[in-house]
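Undergrad:
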Amino acid sequence: MGEIHLATIAKISENLEGWIAFLAALSPYSDELLCEPIAGKWSIQDVVSHVMGWDKNFTKALIQIIDKGQVMLKEDPDVQAFSDSSVALSRTMKPHDLLNEAIAQHKQMIVKLQMVSESDFMRPVPNSIYTLETFLHEMFVQHDRHHKEQIVNSLQSMDY
Numbered sequence: 002m003g004e005i006h007l008a009t010i011a012k013i014s015e016n017l018e019g020w021i022a023f024l025a026a027l028s029p030y031s032d033e034l035l036c037e038p039i040a041g042k043w044s045i046q047d048v049v050s051h052v053m054g055w056d057k058n059f060t061k062a063l064i065q066i067i068d069k070g071q072v073m074l075k076e077d078p079d080v081q082a083f084s085d086s087s088v089a090l091s092r093t094m095k096p097h098d099l100l101n102e103a104i105a106q107h108k109q110m111i112v113k114l115q116m117v118s119e120s121d122f123m124r125p126v127p128n129s130i131y132t133l134e135t136f137l138h139e140m141f142v143q144h145d146r147h148h149k150e151q152i153v154n155s156l157q158s159m160d161y
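The following block contains the structure:
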């Protein structure tokens, strides 16, 4: 059995901050380009809003953990409906306003994460296969990375 590497809150925060830098790097692109479909029918704007929806949702969970000391993770029962509503909401925003909002939301999530105790961070979540650490790594760090690669690949293949 290999050694299981556990990340600290600082390490996870550092990984999450990569998404903020990436969003900031998208700001020179035009609104038109940010609204062009890249992944099925989703545009870059849609992908950013999809991630922001999960950030908002998880920030609420972090506030519960900080306030009550209870690590509870409640996954939205219909992941597709949740993503669709996040995307629909963002389509009412200008793409660059959305980028700024997504950056602010991600920063807020990291600030809240840094208020969680290391013991809560490592404690197994009731009725779950996760700890907060493994959940964040799989559902946020790897999820951000997946969508970042998706956007980068699409930008490289576009003539802009």
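To convert, note that position 109 of the sequence shown is 110 in my numbering; the numbers rise steadily by one, no gaps. The beta-carbon is built from N, C-alpha and C at its ideal position, and this holds for glycine as well. Quick caveat: nothing in here was measured; it's all calculated off a predicted structure.
(1) Have a look at Gly70 and Asp121 and give me their C-alpha separation to the nearest angstrom.
(2) Whole angstroms are fine: how far does the CA of Leu74 sit from the CA of Asn101?
(3) Below 9 Å between beta carbons: does that hold for His107 and Trp20?
(4) Assign Ala40 to one of three DSSP states: helix, strand, or coil.
(5) Going by Cα to Cα distance, which pick from Met116, Glu15, Leu34, Ile66 is closest to Val126?
(6) From the DSSP output, read off the bridge partner residues of Thr132.
(7) Please work out which residues of its chain come closer than 6 Å, Cβ to Cβ, to Ser87, disregarding the five sequence neighbours upstream and downstream, and give them in chain order.
(8) Just the C-alpha distance for Gln157 and Lys57, rounded to the nearest angstrom, thanks.
TA: Let me spell this out:
(1) Position 69 of the sequence shown holds residue 70. Position 120 of the sequence shown holds residue 121. Roughly 7 Å between the two C-alpha positions.
(2) For this step, residue 101 is matched to residue 100 along the sequence shown. For this step, residue 74 is matched to residue 73 along the sequence shown. Cα atoms of Asn101 and Leu74: separation of roughly 27 Å, rounded to the nearest angstrom.
(3) Working through the sequence shown from its first residue, we reach residue 107 at position 106. Working through the sequence shown from its first residue, we reach residue 20 at position 19. Yes, these two residues count as a Cβ contact at 9 Å.
(4) Locating residue 40 in the sequence shown gives position 39, where the first residue counts as 1. Strand, per DSSP.
(5) Walking along the sequence shown from the start, residue 126 turns up at place 125. Minimum Cα distance to Val126 is reached at Ile66.
(6) Mapped onto the sequence shown, residue 132 falls at position 131. Pro125.
(7) Indexing the sequence shown from 1 puts residue 87 at position 86. Apart from sequence neighbours up to five positions away, the residues of its chain that approach Ser87 with a beta-carbon distance below 6 Å are Ser50, His51, Gly54, ordered along the chain.
(8) For the purposes of this step, residue 157 is taken as residue 156 along the sequence shown, with counting starting at 1. For the purposes of this step, residue 57 is taken as residue 56 along the sequence shown, with counting starting at 1. C-alpha separation (whole angstroms): 29 Å.
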